[in-house]
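Asks: Using the working numbering, read the sequence shown as starting at 6 and increasing by one per residue. Ideal placement from N, C-alpha and C gives every residue a C-beta, glycine not left out. For clarity, every value in this text was computed on a predicted model and none was experimentally measured.
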Amino acid sequence: MTKFIFVTGGVMSAIGKGVTTASLGKLFQFRNYDVSAIKIDPYLNVDPGTLNPIEHGEVFITEEVWDFVPSMGPNRKDDIDDLNTAYGKKQVYRICEIDQDFGTYERFLDKNLHPSSNITSGQVYLSVILQERYGEYLGRTVQIIPHVTDEIKRRIRQIAEKDNSDVVITEIGGTVGDIEAMPYLEAVRQFRLEEPKENTALVHVTLIPYSEAVGELKTKPTQHSVKTLLSLGLQPDIIIGRAKIELTEQVRQKISLYCNVPVQGVISNPELSIIYELPLIFEKFNLGTYLIHDLLQMVPPKPDISKWEELIEKYKNPKHSLKIAMPGKYTLITDSYVSINEALKHAAAHLDSKIKIEWIDAEPFEKDRSKVSVLSGYDGILMTPGFGERGVEGMILAARHAIQAKIPFLGICYGAQILFCAFCREFLGLDKAASTEFVPETCDPVVDLLPEQKKIKDKGGTMRLGGQEIYFKEGSILHDVYEVPKAVERFRHRYHIITRYAEEAQQKGLVISSYDKTGTIINSIEYVKDGNWMIGVQFHPEYKSRPARPSPVYLAFVKKCLEKKIQSS
Ligand code: GLN
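(1) Does the count of Cβ pairs from the region 66-75 and the region 114-122 closer than 8 Å reach three?
(2) Going by DSSP in three states, Asn265 sits in which element: helix, strand or coil?
(3) Using the C-alpha atoms, what's the distance from Ala367 back to Gly396?
(4) Among residues of its own chain, excluding the 5 on either side of Tyr383, which ones have a beta-carbon nearer than 8 Å to its beta-carbon?
(5) Quick one: does the C-beta of Glu288 sit closer than 7 Å to a heavy atom of the ligand GLN?
(6) Beta-carbon separation of Leu415 and Phe562 under 8 Å?
(7) Helix, strand or coil for His325, going by three-state DSSP, please let me know.
(8) Let's see if you can read the secondary structure: which residues bound the beta strand (DSSP E) around Ser247?
(9) Name the one or two DSSP bridge partners that Trp71 has.
(10) Counting only runs that start and end within the region 351-434, where is the beta strand (DSSP E) found for 3 or more residues in a row?
(11) Run the Cβ filter for me: residues under 5 Å from any heavy atom of the ligand MN, listed in the order they occur in the chain.
(12) Give the range of the alpha helix (DSSP H) segment to which Pro58 is assigned.
(13) Name, in chain order, the residues that DSSP records as bridge partners for Thr233.
(14) From Thr154 to Tyr139, what distance separates their C-alpha atoms?
(15) From this set, Ser573, Glu176, Thr175 and Ala403, which residue's C-alpha is nearest Asp373's C-alpha?
(16) Is DSSP giving Ser574 helix, strand or coil here?
(17) Can you pull the DSSP bridge partners for Gly333?
(18) Measuring CA to CA, which of Pro58, His351 and Val210 is closest to Pro226?
(19) Three-state secondary structure (DSSP) at Glu176?
(20) Excluding sequence positions up to five away, which residues of its chain have a Cβ less than 8 Å from the Cβ of Gly393?
(21) Excluding the 5 residues flanking Leu435 on each side, which residues of the same chain have their C-beta closer than 6 Å to its C-beta?
(22) Quick check on the DSSP output: the beta strand (DSSP E) that includes Glu200 runs from which residue to which?
(23) My output table needs one value for Tyr142: the three-state DSSP class, helix, strand or coil.
(24) Please work out which residues of its chain come closer than 8 Å, Cβ to Cβ, to Ile279, disregarding the five sequence neighbours upstream and downstream, and give them in chain order.
(25) Between the alpha carbons of Gly480 and Phe287, how many angstroms are there, rounded?
(26) Pull up the DSSP beta-bridge partners for Gly471, would you.
(27) Straight-line CA distance for Leu515 to Val533?
(28) Could you pull the start and end residues of the alpha helix (DSSP H) that Glu166 belongs to?
(29) Any idea if Ile250 is buried or exposed, counting beta-carbon neighbours within 10 angstroms, 16 or more meaning buried?
(30) Kindly indicate the opening and closing residues of the alpha helix (DSSP H) around Leu283.
(31) Run through DSSP, which three-state label would Lys319 get?
(32) So which of Arg499, Glu494, Tyr487 and Lys478 has the shortest CA-CA distance to Ile461?
(33) Quick one: which unbroken beta strand (DSSP E) runs of 3-plus residues sit fully inside the region 525-549? Chain order, please.
(34) Could you please give the first and the last residue of the uninterrupted alpha helix (DSSP H) stretch that includes Leu114?
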């Protein structure tokens, strides 16, 4: 029988609810249980693929693509193909662009999650409204309670059934009190009523601010957020307090008293330099035993935390340190590329190193080319994924500088396309080489739309998405580092490097190191010659990098940066 944990947030957002949720999952894994995670995003977008990464953070890409058919309610089991012909293509939505918290879940739990695990209000309301049109609720007034809340509970139970795991942890995005989140909290209340008491637990993650003036942690905001929860019929079983410092005994007692939670259930979530350490902090507070044994009444074996402890030790004791530049186009929030940041850290830790990432706005290079030399002060350059035209000339200048100054270089997706433009300008004499994404009328479209993309107008879920097979060329660096002839990596793009130009570039030392299954889409290029080490991948290896299993591409890149640094010192 599956157990259900619900995680809500109090006081404010961005207090590490995702890391907390993933760390709760780890407590079960330490005891050999199977864990699944759900994230609820109360916004009306069907998926986050159409959201701005500056505002919302990274879009995570799953391996699998989910064909979401909103009109397919519990009583409607038509064939997807029939629906497509009967009602047009809008019957099926392709989803594999999901919330960045899934990156955290996958990294902590070392497990691929299904895109249907990200429930958004867009999906829920679309389903309810379309099902109404098909007569699912004939004769009845369709309402938030029970129809929307039923749909939410159905989705949660559906995932539990599909995954058949011992525990499903559901994180509810946003903060308690948000209007959008109300139907979800109501669904949780109903869910807890429907299940036996020992089958569910409610964990409230909240901020405990530190007052510098009085030198004290303040519990009042938490008391208020728990009151809001109570007014919705929800009593938390556990309160996890995010604070600058570890919660003192006195603070825990106070929260316990005012929020009606036994003191064993009041847990500290201090700021950590290595986020992967959080499950160990939870163990230190005996949260595993309290949650799994006392509340959920499971009979767990003794937890085995030794492997995770070893891993954390590795992260904590670096011998070398590296400085990587990420020339990009926006003023980023650090979350915009969280999977890339983590993938770099994973690779570094495995090479006994620590990485310092510096985001560099490439736009000023366009006005003053001499500024690009700032990049020479770094051990490596990672050129990021992206969209659109702003700042792109500055990024091309940065890539050309990397060629000239022989700085180890890794380009991801857009970053690979930019590397290719830079290569064509530098070595093929094509001064105007560009992607039609940023110069639609260019005379040398060295990067252009994928053929099947040319007729697509709708924006949501229409890119080339998800896990795809990659075939490596023997003798290439990629073939070498993957140690297998083919691999699956995750994609999210509309444009690709044009073969005709890439073949010309081969005469100047460029290697096309992999293709897709059909042999028509270039998946990666490399220029490893005369002291240059430059790799561009059309895919996103960062999505599959895990703390104990770094991505082979990132590992090769960081290794090269380290070699170079050691050589030149
Ligand atoms: N904008 C480019 C494309 O659509 C790159 C996308 C990306 O970096 N993910 O092909």
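Replies: Judging by the given coordinates:
(1) These segments touch.
(2) Along the sequence shown, read from residue 1 onward, the residue named residue 265 stands at position 260. Of the three classes helix, strand and coil, the one that applies to Asn265 here is coil, per DSSP.
(3) Locating residue 396 in the sequence shown gives position 391, counting from the first residue. Locating residue 367 in the sequence shown gives position 362, counting from the first residue. Going by the C-alpha atoms only, they are around 6 Å apart.
(4) On the sequence shown, position 378 is the one that residue 383 refers to. Its chain contains Lys328, Ile329, Ala330, Glu363 and Ile412 as the residues whose beta carbon lies nearer than 8 Å to that of Tyr383, once the 5 sequence neighbours on both sides are disregarded; these appear in chain order.
(5) On the sequence shown, position 283 is the one that residue 288 refers to. Set against 7 Å, the gap from the CB of Glu288 to the closest heavy atom of the ligand GLN is not smaller.
(6) Taking the sequence shown and counting its residues from 1, one reaches residue 415 at position 410. Taking the sequence shown and counting its residues from 1, one reaches residue 562 at position 557. In this structure, Phe562 lies closer than 8 Å to Leu415 by Cβ.
(7) Locating residue 325 in the sequence shown gives position 320, where the first residue counts as 1. Looking at His325 - three-state DSSP - the assignment turns out to be strand.
(8) Reading the sequence shown from its first residue, position 242 is the one you call residue 247. A small correction: the amino acid at residue 247 is Arg; Ser does not occupy that position in the sequence shown. Following the DSSP letters along the chain, one finds Arg247 inside the beta strand (DSSP E) bounded by residues Ile243 to Ala248.
(9) As a position in the sequence shown, residue 71 is number 66, starting the count at 1. Residue pairing by DSSP puts Trp71 in a beta bridge opposite Ile100.
(10) Inside the region 351-434, DSSP marks whole beta strand (DSSP E) runs of 3 or more residues at positions 358-366, 385-388 and 414-417, from first to last along the chain.
(11) The ligand content of the structure shown is limited to the ligand GLN, which means the ligand MN is not among them.
(12) Residue numbering aside, residue 58 sits at position 53 when the sequence shown is read from its first letter. Start and end: Pro58 to His61.
(13) Residue numbering aside, residue 233 sits at position 228 when the sequence shown is read from its first letter. Per DSSP, Thr233 has no beta-bridge partner at all.
(14) Here residue 154 corresponds to residue number 149 of the sequence shown, with the count starting at 1. Here residue 139 corresponds to residue number 134 of the sequence shown, with the count starting at 1. Put simply, the backbone Cα of Thr154 is about 19 Å away from that of Tyr139.
(15) Looking up residue 373 in the sequence shown gives position 368. Between Asp373 and the set Ser573, Glu176, Thr175 and Ala403, the nearest pair of CA atoms involves Ala403.
(16) For the purposes of this step, residue 574 is taken as residue 569 along the sequence shown, with counting starting at 1. The answer is coil: DSSP assigns Ser574 none of H, G, I, E or B.
(17) Within the sequence shown, numbered from 1, the residue matching residue 333 stands at position 328. Per DSSP, Asp366.
(18) Within the sequence shown, residue 226 is the residue found at index 221, counting from 1. Nearest of Pro58, His351 and Val210 to Pro226, Cα basis: Val210.
(19) Translated into positions along the sequence shown, residue 176 becomes position 171. Here Glu176 sits in strand by DSSP.
(20) The residue given as residue 393 occupies position 388 in the sequence shown. Cβ within range, chain order: Lys334, Glu442 and Phe443.
(21) Your numbering for residue 435 matches position 430 in the sequence shown. The residues are Cys429 and Asp449.
(22) As a working mapping, residue 200 is identified with position 195 in the sequence shown. Neither: Glu200 is in no beta strand (DSSP E) and is coded neither H nor E.
(23) Counting from 1 along the sequence shown, the entry for residue 142 is found at position 137. Reduced to three states, the DSSP call for Tyr142 is coil.
(24) For this step, residue 279 is matched to residue 274 along the sequence shown. Closer than 8 Å at the Cβ level, and outside the excluded window around Ile279, lie Ile317, Tyr320 and Lys321.
(25) As a first step, residue 480 is located in the sequence shown; it is residue number 475 there, counting from the start. As a first step, residue 287 is located in the sequence shown; it is residue number 282 there, counting from the start. Spanning the two alpha carbons is a distance of roughly 47 Å.
(26) In the sequence shown, residue 471 corresponds to position 466, counting from 1. Beta-bridge pairing links Gly471 to Phe496.
(27) One-based indexing of the sequence shown puts residue 515 at position 510. One-based indexing of the sequence shown puts residue 533 at position 528. So the two alpha carbons sit approximately 8 Å from each other.
(28) For the purposes of this step, residue 166 is taken as the residue at position 161 of the sequence shown. Here the alpha helix (DSSP H) through Glu166 covers Thr154 to Asp168.
(29) By one-based count along the sequence shown, residue 250 stands at place 245. Ile250 comes out exposed.
(30) As a working mapping, residue 283 is identified with position 278 in the sequence shown. Unbroken alpha helix (DSSP H) run through Leu283: Leu283 to Lys289.
(31) On the sequence shown, residue 319 is found 314 positions in, with the first residue counted as 1. In the three-state reduction of the DSSP assignment, Lys319 falls in the helix class, which pools H, G and I.
(32) Taking the sequence shown and counting its residues from 1, the one referred to as residue 461 is at position 456. Out of Arg499, Glu494, Tyr487 and Lys478, the CA that lies nearest to the CA of Ile461 is found in Arg499.
(33) Fully enclosed beta strand (DSSP E) runs of 3 or longer: 527-532 and 539-542.
(34) Here residue 114 is taken as the residue at index 109 of the sequence shown, counted from 1. In this chain, the alpha helix (DSSP H) harbouring Leu114 covers Asp106 to Leu114.
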